């Protein structure tokens, strides 16, 4: 330990003296003071370099255009899902971690010169990362020449990738509360390959401590956090840390206790005590990010205040301006009304002449329009009759075309069924010819093999006889000259040779056993890995289908909202248009009635003027009576103006009611039209849905028929074939129980289906001259006779195949089990063995 590693004693003594003088328990603020006083420079430098590497990795993953789209979790190509798929365990070596990260980032090239700048920077940083990894010592086994296992220590760099993802999440989201980091860490340690929020997820106590201490700056900080966790656990009625499975509700219950609430309390305006216990780099980064966010919120608040104040000032000015313009407009309108009153009297004569011309023009137009209307009705009637005749012809042709289409469809289906059946007959005939050819070839091969073996045996016998005769001749010639020492030497050499042969035999047996054990382990590992891959694939397919359904529902909802918005917009436009039309028609009627009252008598408008005059006189009497009753003196002209105004207002209200009735009738017509359009669109959707359902049902029926045909064919194959082990070739073959031939796996079984193999042992000859026993179902190999099998009681080398219950041993019945060769030999000598004799397979495990 160097001088810098020793904490300053004076600072530590001062901190402890202060705590004793206060006479109370140490708070988190006191713990921070002690940690600052006892901090180790070496540990601080190591932590700073470690977080510097994590900061640089965070910068490369978020600021680079090529890696910006890689999320931490939540997608199949995210960091968590890819890392979990590569190594589900927590610790991983540096070389494997760097390789998987390169695969996630899409860096396939192994040459630096072929990479772009982003890939070069990422690869160099991953290879230069050192402080994020821990040096762990592992044991490796070394087998010497004497077959004795020796242990040796090997140091490797390993990293807990889940804690690294927690640190990257803290840097990506520095403004979240501490509970969000704990929830993310809990999901990382508990989820089975993809982030899950199921309440059944659980972690261990070690994982809980790791989540709380993933950002600790030193061992002293970790000690403080662990003490707070233990204190919170003691306040609970039932301990959580002693559980083997800790759920998230237990973590929340633990976090709600006073010690951990004090840990998550605010120490400064922007950071809590939990963040104060982290590395200075992390603390400063989070402090600056949260401070910047709050300052930005304050600036936005002040800016909104300024905008509101400015808007209120402009509103006051605009109201004053509008008031001035309104007063000026009223004065101008008053002057214009006086001018209009004088000009109306002058224009009365011109209006009368124009009215006469208008009436004559209306009569002429009425006559011309009547003639044109009758001509149009005759044209429309002719068109309707022609269209009716054409539709009748087209409907007959449509029925004929529909009948032809159905006939073609039936013809296509019949052709397809015939082709499938003819193909099946062709395959059956081809399979029969193949089996006959295979049986003939196997017979030829067996005959050639027997002849070849016979020639080899004869040649070997001749060589053995030649060697034996030469050796006997040599022994006879040298027997007189040899003495006891030479005889002993030969005996010793023979013993050494026998021992060497026995050693080679044992090693050979061990090698054969190791080969079969390795083959069994590899087969079991592949089967287990296939099961795991199938489960993961099903989970990913389920997640993908859920997301697709969510997108479909969102699209449907957006379409409905768009239709509703369009309908509401049209309704608002129509309402505004009709409101303007109501006021316009009301003002027009008022002006017309006013002109009728002011102009001289006219024969065409005498009735209207008389009615208006009657209403005006009645209203004048009402106004006069009202003023008399109130005792207010008013001129007759003013009362007449008041009565005229009331009459005109009544006429305007009558016109408004008429236009509103017309408006309601038109709205009902428009609503009916929209409903008809919606019904037509719905019927189109229903027809489209029916068509898609029919197509889907047709495809499902075709698939079901093909599936049932394959299933029926597999059942026939299962009855006709038997899966056995071919001892000469060492391969699994399929025995045709009808023809007796063998063949490889039938194609109709496919990759997912296979025949059930019997739990049966086979006798396999070895190159050493011995035999061993092999069970292909369990993939077990044995040099000794397996248990559970029945051997021949006569030769004891073959499996028994015939059970003789009436075998006699002396004067007593002694049932015996024999093989076929022994049974054929014994039944000649003792014909009573054939009585009630039954065959069975002694190689099967009972």
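Residue numbers (the UniProt record's numbering): 1 to 846. Idealized CB from N, CA, C, for every residue including glycine. From a predicted model like this one, the values you see are computed outputs, not experimental measurements.
*Give the range of the beta strand (DSSP E) segment to which residue 722 is assigned.*
721–726
_Please return the same chain residues whose Cβ sits closer than 6 Å to the Cβ of residue 129, not counting the five positions on each side in sequence._
53
*Thinking C-alpha only, which one of 115, 117, 113, 80 is nearest residue 100?*
80
*Grouping DSSP H, G and I as helix and E and B as strand, with all else coil, what is residue 34?*
helix
_Run of the beta strand (DSSP E) containing residue 763, from where it starts to where it stops_ = 762–765
_Residue range of the unbroken alpha helix (DSSP H) whose run includes residue 817_ = From DSSP, residue 817 is part of no alpha helix (DSSP H) but of the beta strand (DSSP E) over 816–818.
_Simplified DSSP assignment, three categories, for residue 247_ = coil
*Tell me, to the nearest whole angstrom, how far the beta carbon of residue 747 is from that of residue 735; I am working on the premise that it is less than 8 Å.*
17 Å between Cβ atoms; not a contact.
_Taking the alpha-carbon of residue 583 as reference, which of 702, 653, 838, 511 has the nearest alpha-carbon?_
653
*Going by Cα to Cα distance, which pick from 172, 46, 218 is closest to residue 34?*
218
*Whole-number beta carbon distance between residue 804 and residue 837, since they are thought to touch under 8 Å*: 5 Å
*Between the beta-carbon of residue 816 and the beta-carbon of residue 794, is there less than 9 Å?*
yes
*Which word fits residue 248, buried or exposed, when buried means at least 16 other C-beta atoms lie within 10 angstroms of its C-beta?*
buried
*asked:* Helix, strand or coil for residue 798? Go by DSSP, reduced to three states.
replied: coil
*asked:* Applying the 10 Å Cβ sphere with the 16-neighbour rule, what's the burial state of residue 750?
replied: exposed
*May I ask you to report which of helix, strand or coil DSSP gives residue 240?*
coil
*Name the one or two DSSP bridge partners that residue 804 has.*
816
*Do residue 190 and residue 278 have their C-beta atoms within less than 9 Å of each other?*
no
*Can you give the beta carbon distance from residue 162 to residue 44, rounded, assuming they're within the 8 Å contact cut?*
At roughly 25 Å, the Cβ-Cβ gap does not stay under 8 Å, so residue 162 and residue 44 are not in contact.
_Inter-stretch contact at 8 Å, needing at least 3 Cβ pairs: the segment 559–567 / the segment 622–636_ = no
*Give the straight-line distance between the Cα atoms of residue 525 and residue 88, rounded to the nearest whole angstrom.*
16 Å
*Alpha carbon to alpha carbon, what distance is there between residue 461 and residue 841?*
36 Å
_Beta-carbon proximity of residue 85 to residue 185, cut-off 9 Å_ = no
*Would the C-beta of residue 729 count as close to the ligand ADP, meaning under 8 Å from any of its heavy atoms?*
The ligand ADP is not among the ligands present in this structure, which contains no ligands whatsoever.
*Return helix, strand or coil for residue 790, following the three-state DSSP convention.*
coil
*asked:* Can you list, in chain order, the residues of its chain with a C-beta nearer than 8 Å to that of residue 235? Leave out the 5 residues immediately preceding and following it.
replied: 257, 258, 259
*C-beta contact flag for residue 83 and residue 172 at 9 Å*: no
_Residue from 136, 634, 774, 819 with nearest C-alpha to residue 790_ = 819
*chain B within 9 Å of residue 458, Cβ atoms only*: Included in the structure is just one protein chain, with no chain B present.
*Relative to the C-alpha of residue 40, which residue among 204, 221, 166 is closest?*
221
*Who are the near neighbours of residue 228 in its chain, counting only those whose CB is closer than 7 Å to its CB and skipping five residues on each side?*
259, 260, 263
*Just confirm the distance between the C-beta atoms of residue 94 and residue 133, as a whole number of angstroms; I'd bet it's less than 8 Å.*
5 Å
*For residue 704, does the count of other Cβ atoms within 10 angstroms reach 16, so buried, or fall short, so exposed?*
exposed
*Is residue 841 helix, strand or coil when you go by DSSP?*
coil
*Which one or two residues does DSSP pair with residue 425 in a beta bridge?*
According to DSSP, residue 425 bridges with nothing at all.
_Buried versus exposed call for residue 830 [16 or more other C-beta atoms within 10 Å across all chains shown]_ = exposed
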